[in-house]
Amino acid sequence: MHTEPLLGLDVASLSVVFLVLLGIHVSAALVAIVSGLVAMFSRKGSGRHVVGGRFYFGAMLIVFASACAMSAFRWPTDLPLVVAGAVAAVAATYGFIYRRLHRPGDALHIIAMGVSYVAMLTAFYVDNGPHLPIWQLLPSWLFWFLPAIVGTPLIIRAVVRRRHHRPSN
């Protein structure tokens, strides 16, 4: 795959369209990462959790849309990243709608949003891991699995803890 150097980084294209998309993508991804953490570490149901979750959902949709648009510059190389992004966007949409419809229980909401966050981080590490300090020492296949290896037990823990903190119906 052909890349162009930009500020010490390799990018798919130096076209204005690509660089604008990249700026939107990186900005939205940063919002998604931070707002996702805010939602995760806030008391569930609190205003901070709700606002963080809404920002995460909106940012995730922008991340996915911009990733799809940028993938045209590196197609078909970026197909796996688009698939990971689709998993993240669909899971976030499911988790968001599940909560908005006031479905009973929190497990499916927690699982969907957790899967979304893990898929987002997976796409990030697959695309950027080989260029990150320390991460570049890891085998490339690990970028596909490390977010799930770390995230799955945390998602399970969150589901179990939430079940123990809520009275049963």
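Residue numbers (this note's numbering): 410 to 578.
We treat Cβ as the ideally placed atom computed from N, Cα and C, and that holds for glycine.
* Out of ALA421, ALA567, GLY454 and VAL425, point me to the one whose CA is closest to ALA521's CA. => For the purposes of this step, residue 521 is identified with residue 112 of the sequence shown, where counting begins at 1. The option with the nearest alpha carbon to ALA521 is ALA567.
* Should TYR465 and GLY494 be called a contact, given that it needs their Cβ atoms to be closer than 8 Å? -> Translated into the one-based positions of the sequence shown, residue 465 becomes position 56. Translated into the one-based positions of the sequence shown, residue 494 becomes position 85. Cβ distance not < 8 Å, so TYR465 and GLY494 don't count as in contact.
* Would you call GLY523 buried or exposed, if buried means 16 or more other Cβ atoms sit within 10 Å of its Cβ? -> Looking up residue 523 in the sequence shown gives position 114. Answer is buried; the Cβ neighbour count reaches 16.
* Count the other CB atoms, across all protein chains shown, that sit within 10 Å of the CB of PRO548; report buried if there are 16 or more and exposed otherwise. => Residue 548 sits at position 139 when you count from the first residue of the sequence shown. Classification of PRO548: exposed, given that the 10 Å Cβ count is below 16.
* Inter-stretch contact (C-beta, 8 Å, three-pair minimum) for the stretch 468-478 and the stretch 436-450 -> Yes, they touch.
* Would you kindly check if the distance between the Cβ of ILE433 and the Cβ of SER475 is under 8 Å? => Translated into the one-based positions of the sequence shown, residue 475 becomes position 66. Translated into the one-based positions of the sequence shown, residue 433 becomes position 24. Contact flag set, yes.
* **Residue of LEU423, ALA421, LEU430 and VAL569 minimising C-alpha distance to GLY514** => Against the sequence shown, residue 514 aligns to sequence position 105. Taking only the C-alpha atoms, the option nearest GLY514 is VAL569.
* To do: Would you please state the rounded distance, in angstroms, between the beta carbons of VAL535 and PHE552? I believe it to be under 8 Å.
  => The sequence position of residue 535 within the sequence shown is 126, counting from 1. The sequence position of residue 552 within the sequence shown is 143, counting from 1. Contact between VAL535 and PHE552 holds: CB atoms are separated by about 5 Å, below the 8 Å threshold.
* **Reduced DSSP category for LEU470 - H, G, I as helix; E, B as strand; rest coil** => In the sequence shown, residue 470 corresponds to position 61, counting from 1. The three-state reading of DSSP puts LEU470 in helix, counting H, G and I together.
* Asked: For ALA498, which residues from the same chain have a beta carbon less than 7 Å from its beta carbon, with the 5 sequence-adjacent residues on both sides left out?
  -> Translated into positions along the sequence shown, residue 498 becomes position 89. Counting only Cβ-Cβ distances below 7 Å, and skipping sequence neighbours, we find MET469, LEU470 and PHE473.
* Own chain residues within Cβ distance below 8 Å of LEU490, not counting five before or after -> Sequence index remark: in the sequence shown, residue 490 carries index 81 (1-based). Scanning its chain for C-beta atoms nearer than 8 Å, with the 5 sequence neighbours on each side dropped, one finds around LEU490 the residues ALA476, SER480, ALA532, VAL535 and ASP536, in chain order.
* Asked: When the Cα of ARG509 is compared with those of GLY454, VAL429, ILE558 and LEU563, which residue comes out closest?
  -> Translated into the one-based positions of the sequence shown, residue 509 becomes position 100. If we check each option's Cα against that of ARG509, GLY454 comes out closest.
* **Bridge-paired residues (DSSP) for VAL426** => The count along the sequence shown starts at 1 and reaches residue 426 at position 17. None, per the DSSP bridge assignment.
* Candidates TRP550, HIS411 and ALA448: closest to HIS518 by CA position -> Here the question's residue 518 lines up with position 109 in the sequence shown. Proximity to HIS518 across TRP550, HIS411 and ALA448 peaks at ALA448, based on C-alpha coordinates.
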